[in-house]
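> Let me begin by handing over the structure; questions about it come next.
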Amino acid sequence: MKIDYMQALKRTNNALGAWLIHGQEPLLEQNLLDEFRKEWRSKDIERQRYDIQSVHDWKNVFNALNSLSLFSQQLAIEVHGNIKPDANGLKLLKAFIQHNEQNLLVIVMPKQDTQSLKSSFIQTVEANGTLVSLQANYPKDRQHILEIEAKKLSLHLENDAWPWLLEHHEHNLLAAKNSLIRVSDTFPELANVGIKELHSCLQDQSRYSAYDLSDSLIAGHFEQSIKIYQYLIATGEPSTFILWVISKEMRLLMQLFEQPHQGIQLGIWKTKVHLYQKALQRLDAQEFLNWPSLLLNIDLSIKGISNQKPELLILQAIGQLCGKVLFR
Numbered sequence: 001m002k003i004d005y006m007q008a009l010k011r012t013n014n015a016l017g018a019w020l021i022h023g024q025e026p027l028l029e030q031n032l033l034d035e036f037r038k039e040w041r042s043k044d045i046e047r048q049r050y051d052i053q054s055v056h057d058w059k060n061v062f063n064a065l066n067s068l069s070l071f072s073q074q075l076a077i078e079v080h081g082n083i084k085p086d087a088n089g090l091k092l093l094k095a096f097i098q099h100n101e102q103n104l105l106v107i108v109m110p111k112q113d114t115q116s117l118k119s120s121f122i123q124t125v126e127a128n129g130t131l132v133s134l135q136a137n138y139p140k141d142r143q144h145i146l147e148i149e150a151k152k153l154s155l156h157l158e159n160d161a162w163p164w165l166l167e168h169h170e171h172n173l174l175a176a177k178n179s180l181i182r183v184s185d186t187f188p189e190l191a192n193v194g195i196k197e198l199h200s201c202l203q204d205q206s207r208y209s210a211y212d213l214s215d216s217l218i219a220g221h222f223e224q225s226i227k228i229y230q231y232l233i234a235t236g237e238p239s240t241f242i243l244w245v246i247s248k249e250m251r252l253l254m255q256l257f258e259q260p261h262q263g264i265q266l267g268i269w270k271t272k273v274h275l276y277q278k279a280l281q282r283l284d285a286q287e288f289l290n291w292p293s294l295l296l297n298i299d300l301s302i303k304g305i306s307n308q309k310p311e312l313l314i315l316q317a318i319g320q321l322c323g324k325v326l327f328r
């Protein structure tokens, strides 16, 4: 079954089997995963996460799905990455879909092109599970999604303010949502927010964006990356958004190291493939082994689950992407 983002939000309750969500809209990915996790917490369903760095990692995923712990009756597993299972992994996927009626597998991948969507792996999920495309191609779709976010904040924008907000952020939904949060904090008592209020509140945010941080990290410009990071935090971007940017670049680099000639297939823009290849030449591949645990530690610290400071861990991640080891 193939559904879109809005349909998927309505189907997270009691979801079972295999789900594959793909796209390049971090807000939609974040929202959908939040709905899944809320469901799992409410029903005490055990959650595990796996980051796929090679086809061999899929075996660990299916071993976990087929072996519950003593304290769990149900298991939900999140898989993040862009490496599809091999023939043996596909066999294990089909066995899971056919015989496991109590667990849930949620696979999170970057946007898949037309050719990738025809692969046996994705076709198997679509035919026997749920395939979700996270995209909002049209202005009315993007506005509708942001109107829902604004409603959560008890915020109402005038009709002509929506196009201005989207154009200001180059149609980046997550950045637009973060700006809605800032506007809500700035004008808590205002019934209707117009372009005038948006402009006064957000005009300074155009100095740096997440795209600038990504470009600086891949170029290895450490001082500039720190400057952009500090600016984004100072202007209201949440640490979760910064983590998403860092995580995306780390995973692309790790995947490109494993598949050096598959840059475009991994989701890297054609004009930027050479920049990522140059970054690989600059970086020590041995450090890649530490990146998944570093990303997990940042995630836990942001959520308050660990005692570590997310700011220091994020600085460490920025340093490693730029080829500088700040802490051990």
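Going by the UniProt record's numbering, the sequence shown opens with residue 1, and the numbers climb by one from there.
All residues carry an ideal CB built from backbone N, CA and C; glycine is no exception.
Predicted model, so just to flag it, every value in this text is computed and none were measured.
Since Y138 is in the beta strand (DSSP E), which residue starts that stretch and which ends it?
Where Y138 is concerned, there is no enclosing beta strand (DSSP E), given that its DSSP letter is neither H nor E.
> Any contact between the segment 212–220 and the segment 176–186? By contact I mean 3 or more CB pairs, one from each, below 8 Å.
Output reads no: the segment 176–186 does not touch the segment 212–220.
> Which stretch, first to last residue, makes up the alpha helix (DSSP H) that contains P110?
Per DSSP, P110 belongs to no alpha helix (DSSP H); it is in the beta strand (DSSP E), 104–110.
> By DSSP, does D284 sit in helix, in strand, or in coil?
If DSSP states are grouped into helix, strand and coil, D284 belongs with coil.
> Can you tell me where the beta strand (DSSP E) with D185 in it begins and where it stops?
Counting along the chain, D185 falls outside any beta strand (DSSP E), though it belongs to the alpha helix (DSSP H) covering 173–186.
> Mark T114 as exposed unless 16 or more other C-beta atoms lie within 10 angstroms of its C-beta, in which case mark it buried.
That one is exposed.
> With a cut-off of 8 Å, do at least 3 Cβ pairs link the segment 303–313 to the segment 271–280?
No, they do not touch.
> Buried or exposed for W269, going by 16 or more other Cβ atoms inside 10 Å?
So W269 counts as exposed.
> Grab the span of the alpha helix (DSSP H) containing residue 345 for me, first residue to last.
Beyond the ends of the chain as shown, which are 1 and 328, falls residue 345; an answer cannot be given.
> Decide if M6 is buried, meaning its Cβ has at least 16 other Cβ atoms within 10 Å, or exposed.
By the 10 Å Cβ count, M6 comes out exposed.
> Would you report the Cα separation of W19 and L131, rounded to the nearest angstrom?
If I take the Cα positions, the gap works out to 6 Å.
> Would you identify the three-state DSSP class for V79, choosing helix, strand or coil?
Of the three classes helix, strand and coil, the one that applies to V79 here is strand, per DSSP.
> Use the C-beta contact count for N88: other C-beta atoms within 10 angstroms, 16 or more gives buried, fewer gives exposed.
So N88 ends up on the exposed side.
> Ends of the alpha helix (DSSP H) at D160?
That residue, D160, is in no alpha helix (DSSP H); it is neither H nor E in DSSP.
> In whole angstroms, what separates the C-alpha of I3 from that of Q24?
Whole-angstrom Cα-Cα distance: 16 Å.
> Using 8 Å for Cβ pairs, my map puts L146 next to K177. What's the rounded Cβ distance?
The pair is a contact, with the Cβ atoms about 7 Å apart (cut-off 8 Å).
> Is the segment 58–69 touching the segment 89–99, taking contact as three or more C-beta pairs under 8 Å?
Touching, per the Cβ criterion.
> Hey, is the segment 216–234 in contact with the segment 189–201, meaning 3+ C-beta pairs nearer than 8 Å?
No, the segment 216–234 does not touch the segment 189–201.
> Restricting to Cα atoms, I'd like to know which of A76, I122, C201, I77 is closest to D86.
Among A76, I122, C201, I77, the Cα nearest to that of D86 is on I122.
> Along the alpha helix (DSSP H) that carries W291, what are the first and last residues, could you check?
First-last of the alpha helix (DSSP H) with W291: 291–302.
> Would a C-beta distance cut-off of 8 Å place L155 and E249 closer than the cut-off?
No, the Cβ-Cβ distance between L155 and E249 is not below 8 Å.
> Beta-carbon within less than 8 Å of A64's beta-carbon, same chain only, minus the 5 sequence neighbours each way: which residues are those?
Excluding sequence neighbours, A64 sits near Q48, Y50, L75, I77.
> Going by DSSP, name the residue or residues bridged to I3.
Looking at the DSSP assignment, I3 forms a beta bridge with V132.
> Mind checking if S306 is an interface residue toward chain D, Cβ cutoff 8 Å exclusive?
In the structure shown, chain D does not exist; there is a single protein chain.
> When you compare each of L27, I302, Q259 to S133 by their alpha carbons, which one comes out closest?
Nearest of L27, I302, Q259 to S133, Cα basis: L27.
> If we call anything under 8 Å between Cβ atoms a contact, is I246 one with A317?
For I246 and A317, yes; Cβs fall inside 8 Å.
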